[in-house]
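Residues in the sequence shown are numbered consecutively from 1, following the numbering used here.
Positions of the beta carbon are idealized from the N, C-alpha and C atoms, including for glycine.
Because the structure is a prediction, the values reported are computed rather than measured.
Here's the structure, in structure tokens; my notes come after.
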Amino acid sequence: MPGLTYATYKTALATLSVVPETDANWLSILPDAIEYAELRIYRDLDLLSTVSANTSFATTANASKVALTQGTFVTLQNVNVITPAGTTNPDLGTRVPLLPVSKEYIQYAWPSATNAAVPQYFAMIDERTFSLGPWPNAAYTLEIIGTVRPATLSQSNTTTFISQYLPDLFLMASMIFISGYQRNFGRQSDDPQMAQSYESQYQALLKGATVEEYRKKYAASGWTSTSTSPVATPGRG
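Shown next, in the form of structure tokens:
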């Protein structure tokens, strides 16, 4: 398996940091370095591996709003209503994909439960609440698809997608944080170029990782999964 485990990551980072792997102060900030690196990569790349489907929520008859548990999703991508009512397994029913619209549209078009029916639209109200239009006329299972935050790399969670498939980017992002810990951010530090060097390497590696992520989503050249070729002719159109 390619990439890093928690143990090999810790060793590699200590080597790059030029500190003993058993240094108590360094170990105390290691979880913060991991969190900084992972969050930065998740936000920069919008990884396909963080997309998850959840079917634990349902509508309430004659109630427009659906509230998600805090921390369920970072962002919502799709909401499907499963018909007929009472079907809990989406593959045994029919998916009705909802279109995202503004909350003002739903409030204007469906101000009450009058004409309740199978919802066709949804609108975000706040970070974890959305409203439906029309208001649902029954309790329908919802299939909600969105991005989540996977468990972080740790001594008890020894591998993650990032550590296995983006180990180079992970180390560079971690070293940007470590540079701050070693006070190598400022002009008066021992090595003022250290943070800039790792930031530069991170940005260079990020470009390649971004292209690869678009290829996974069939959003690369020509909406395919193929890298752009500088020599292929004629163009695919």
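CB-CB under 6 Å to L76, same chain, minus the five flanking residues each way: which ones, in chain order?
G146.
Whose C-beta lies closer than 7 Å to the C-beta of L206 among residues of the same chain, with five residues either side of it excluded?
Excluding the 5 residues flanking it on each side, L206 has same chain C-beta neighbours closer than 7 Å at D44, L169, in chain order.
Spatial neighbours of T159 in its chain, beta-carbon cut-off 7 Å, leaving aside the 5 residues before and after
So the list reads T5, once near-sequence residues are dropped.
Buried versus exposed call for W26 [16 or more other C-beta atoms within 10 Å across all chains shown]:
A residue is called buried once 16 or more other Cβ atoms fall within 10 Å of its Cβ, and W26 is buried on that count.
Does the structure place the region 8-26 close enough to the region 133-144 that three or more beta carbon pairs sit under 8 Å?
Taking a contact to require three or more Cβ pairs closer than 8 Å, the region 133-144 and the region 8-26 do not qualify as touching.
By a C-beta neighbour count over all protein chains shown, 10 Å radius and 16 as the cutoff for buried, is T59 buried or exposed?
T59 is buried by the Cβ-count criterion.
Please state the DSSP three-state secondary structure of F57.
In the displayed model, F57 falls within a strand according to three-state DSSP.
Can you grab the Cα-Cα spacing for the pair I106 / A61, in whole Å?
Their Cα atoms are separated by approximately 17 Å.
If you measure between the beta carbons of L98 and F73, is that distance less than 8 Å?
Taking 8 Å as the cut-off, the beta carbon of L98 is found no closer than this to the beta carbon of F73.
Residue closest to K301, alpha-carbon to alpha-carbon, out of T87, N157, L48:
As displayed, the chain neither begins before 1 nor continues past 237, which places residue 301 out of reach and without an answer.
List the endpoints of the continuous beta strand (DSSP E) containing Y121.
Counted as a single uninterrupted DSSP element, the beta strand (DSSP E) harbouring Y121 occupies residues 121-126.
Could you check which residue in I144, A117, V51 has the C-alpha nearest to that of T129?
The residue from I144, A117, V51 with its alpha-carbon nearest to that of T129 is I144.
To the nearest angstrom, how far is it from the Cα of Q120 to the Cα of R40?
A straight-line Cα-Cα distance of about 35 Å links Q120 and R40.
By the three-class DSSP mapping on this structure, what secondary structure does T141 have?
Strand at T141.
R187 - DSSP class collapsed to helix/strand/coil
Legend: pLDDT at R187 = 47, less than 50; position of this residue unreliable, no value from coordinates given.
For L92, count the other beta carbons within 10 Å of its own beta carbon; 16 or more makes it buried, fewer makes it exposed. Which is it?
With fewer than 16 other Cβ atoms from the protein chains shown falling within 10 Å of its own Cβ, L92 counts as exposed.
Output the distance between the C-alpha atoms of I239 and V51, rounded to the nearest integer angstrom.
Any answer about residue 239 is impossible in this case: the structure gives the chain only from 1 up to 237.
CB-CB length for V96 against T83, believed under 8 Å
The beta carbons of V96 and T83 sit about 6 Å from each other, so the pair counts as a contact at 8 Å.
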